[in-house]
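Working notes for the structure below.
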Ligand SMILES: NC(=O)c1ccc[n+]([C@@H]2O[C@H](COP(=O)([O-])OP(=O)(O)OC[C@H]3O[C@@H](n4cnc5c(N)ncnc54)[C@H](O)[C@@H]3O)[C@@H](O)[C@H]2O)c1
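As structure tokens, this is what we get:
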């Protein structure tokens with residue numbers, strides 16, 4: 011079992027956090043919005059996923075340092091427009107030994123980078139994280155289906171095939 015830090019408490023971040031927690035992983039969720047963390051930790055319910063009960067085992071934090079600390083996997087699940095700023099905030103707390111898993115989709119308008127490329131670009135500023143492994147997970151999956159435990163498929167992609175194969179399994 012793995013320890014996983016989830017960046018983003020929107021519908022996709024929370025649907026995956028619930029699924030990963032129910033699969034036995036240790037899951038901590040961070041959001042840039044403090045009130046969201048306060049509400050989720052008390053109500054254990056997401057306003058846009060009313061059918062989902064958030065497992066008690068999921069830890070919520072407002073600290074991006076805490077969500078990154080000692081985690082094997084850092085899951086980027088913020089909306090695409092916030093991927094770069096979130097990577098910038100997280101950079102100083104990420105180690106090359108951690109695996110970044112990106113589930114945010116899209117292309118950055120100015121650079122035409124994919125979200126994985128945006129994360130790598132931001133992480134490698136200051137000459138850091140030369141050896142960081144980034145896995146992109148994407149496919150015909152949707153939060154509303156995942157919270158209802160419906161079967162679905164997802165593609166795991168990484169420049170290191172072994173890493174791609176290993177981390178498709180963590181779901
Ligand atoms: N929802 C899905 O079913 C689904 C499926 C596959 C991929 N994705 C991808 O996952 C990503 C997230 O999608 P979503 O549906 O969870 O979006 P969402 O609109 O539900 O996300 C909203 C969340 O974004 C976070 N946020 C808000 N402001 C922020 C800020 N300034 N900085 C950092 N985070 C901030 C907050 O946690 C907020 O709850 C997108 O790139 C989307 O394409 C979503």
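In the working numbering, the protein residues as written are 11 to 181. Idealized CB from N, CA, C, for every residue including glycine.
Close Cβ partners of residue i (< 7 Å) along its chain, the five nearest in sequence each way excluded
i, result
"residue 109", "82, 83, 143, 145, 173, 177"
"residue 50", "19, 56, 64, 70"
"residue 129", "86, 93, 97, 110, 112, 144"
"residue 124", "117"
"residue 139", "104, 106, 133"
"residue 79", "103"
Residues near residue i by beta carbon distance below 6 Å, same chain, minus five either side
i, result
"residue 23", "16, 87"
Under the three-state DSSP convention, the category residue i falls into
i, result
"residue 111", "strand"
"residue 124", "strand"
"residue 138", "coil"
8 Å CB neighbourhood of residue i in its chain, flanking five on each side removed
i, result
"residue 68", "27, 28, 31, 37, 38, 39"
"residue 59", "21, 24, 25, 153, 154, 157"
"residue 170", "143"
Neighbour-count burial assignment, residue i, 16 or more Cβ in a 10 Å radius
i, result
"residue 77", "buried"
"residue 14", "buried"
"residue 126", "buried"
Per DSSP, the bridge partner or partners of residue i
i, result
"residue 143", "109"
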